[in-house]
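Q:
Protein chains: 2
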Amino acid sequence: MENKTAVITLSALAQESRLTIYRTLVQAGPDGMAAGKISETTGIPPSSLSFHLKEMSYAGIVNSRQESRYIYYSANFKVMNELLAFLTENCCAGVPCGVETPCCEENA
Amino acid sequence: MENKTAVITLSALAQESRLTIYRTLVQAGPDGMAAGKISETTGIPPSSLSFHLKEMSYAGIVNSRQESRYIYYSANFKVMNELLAFLTENCCAGVPCGVETPCCEENA
DNA sequence: TCCATATTTCAAATATTATTGAAATATGGA
DNA sequence: TCCATATTTCAATAATATTTGAAATATGGA
């Protein structure tokens with residue numbers, strides 16, 4: 009991951025509405041949640057929500073799929089893992105240390 | 009960590025100059041780097057650098073200490089670990105998975 | 001096709017953030 | 001104290017992001 013890519017990914021999370029949306033989708037799990045339901049759950053008006061989901065899609069932290077009249081959005085764990093790896097890269101200058109941050113390889 | 013705190017932490021990283029500064033400090037290691045040297049290394053003018061370091065300090069992702077006429081800034085690994093934990097919280101709805109993201113507990 | 005509903009786009013206003021030269025402040029050595 | 005240098009603050013500008021109602025578009029069922 010490059011610096012610019014990481015900034016785009018981080019920016020997609022560094023905003024209250026979007027972080028709320030992201031965490032709602034993490035909770036919702038791999039099947040995701042329809043846009044209308046996200047709006048209802050978070051209290052974010054549809055047009056604002058759509059704006060933010062577009063940003064998040066562009067950054068790659070969410071995926072979407074259409075199902076009948078609904079569009080389901082879900083968290084993209086693969087991109088999140090890449091971001092975490094980038095942020096901890098060269099951490100401790102290579103010295104091994106104890107912390108382990110498990111994340112969802114299965115849903116990646 | 010709360011949603012608002014996480015947004016502040018993420019915002020402190022979600023900007024090209026600041027991510028560059030942060031990664032420079034991660035490379036520099038626990039002893040950190042003097043402000044002037046950071047400016048020189050990254051090409052960010054002193055006044056801009058000062059502005060960004062202030063943001064980063066407020067968010068807690070960097071620490072600083074004065075040494076003679078120099079102020080040394082260093083990455084705060086503890087806060088970064090807390091952020092990573094927050095981002096991966098409830099990941100996979102509790103299902104254990106294989107990815108491990110080691111980070112610097114020793115420098116926390 | 002027609003309708004109800006789900007979602008997105010548009011547009012305009014508002015709010016927030018970033019940039020940087022110049023001035024101010026702080027520090028320690030001579 | 002005086003000077004050289006390190007860093008921050010100020011202030012004005014520029015750039016970017018956020019918000020949301022209304023309108024447009026898309027979808028599938030009747």
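Chains as they are written, first to last, in my numbering: chain A, 9 to 116; chain B, 9 to 116.
Idealized CB from N, CA, C, for every residue including glycine.
As the structure is a computational prediction, the values presented were derived from the model and not from experiment.
Which chain A residues sit within Cβ distance under 7 angstroms of B:Gln23?
A: One-based indexing of the second sequence puts residue 23 of chain B at position 15. Near B:Gln23 (Cβ distances below 7 angstroms), the residues of chain A are Val15.
Q: Within the 9 angstroms Cβ cut-off, does A:Lys62 reach chain B?
A: Position 54 of the first sequence, counted from the start, is the residue given in the question as residue 62 of chain A. False, the Cβ-Cβ gap to chain B never drops below 9 angstroms.
Q: Please compile the residues from chain B whose C-beta is within a distance smaller than 8 angstroms of the C-beta of A:Asn84.
A: Reading the first sequence from its first residue, position 76 is the one you call residue 84 of chain A. Ordered by position in chain B, no residue passes the 8 angstroms Cβ test against A:Asn84, which lies about 12 angstroms from the chain.
Q: For B:Ile79, which of helix, strand or coil comes out of DSSP?
A: Indexing the second sequence from 1 puts residue 79 of chain B at position 71. Residue state, collapsed to three classes: strand.
Q: Check B:Met41 in the structure and name its three-state DSSP category.
A: Here residue 41 of chain B corresponds to residue number 33 of the second sequence, with the count starting at 1. Looking at B:Met41 - three-state DSSP - the assignment turns out to be strand.
Q: Please list the partners that A:Asn11 has in chain B, where partner means a Cβ-to-Cβ separation under 8 angstroms.
A: For the purposes of this step, residue 11 of chain A is taken as the residue at position 3 of the first sequence. Within chain B, Glu24, Leu27, Thr28, Arg31 have C-beta atoms less than 8 angstroms from the C-beta of A:Asn11, given in sequence order.
Q: Note down the Cα distance separating A:Leu27 from B:Ala36, rounded to an integer number of angstroms.
A: By 1-based counting over the first sequence, the position of residue 27 of chain A is 19. By 1-based counting over the second sequence, the position of residue 36 of chain B is 28. The alpha-carbon atoms of A:Leu27 and B:Ala36 are separated by roughly 30 angstroms.
Q: In chain A, what lies closer than 7 angstroms to B:Ser19 by C-beta?
A: The residue you call residue 19 of chain B lines up with position 11 of the second sequence. Neighbours of B:Ser19 on chain A, chain order: Ala22.
Q: Report yes if the CB atom of A:Ala42 is closer than 9 angstroms to the CB atom of A:Glu75, and no otherwise.
A: The count along the first sequence starts at 1 and reaches residue 42 of chain A at position 34. The count along the first sequence starts at 1 and reaches residue 75 of chain A at position 67. Their beta carbons are under 9 angstroms apart, which means A:Ala42 touches A:Glu75 by this criterion.
Q: Can you tell me whether A:Gly51 is buried or exposed? The criterion is at least 16 other CB atoms within 10 Å of its CB, across all chains shown.
A: What you label residue 51 of chain A is simply residue 43 of the first sequence in a count that begins at 1. The residue in question, A:Gly51, is exposed, as its Cβ has fewer than 16 Cβ neighbours within 10 Å.
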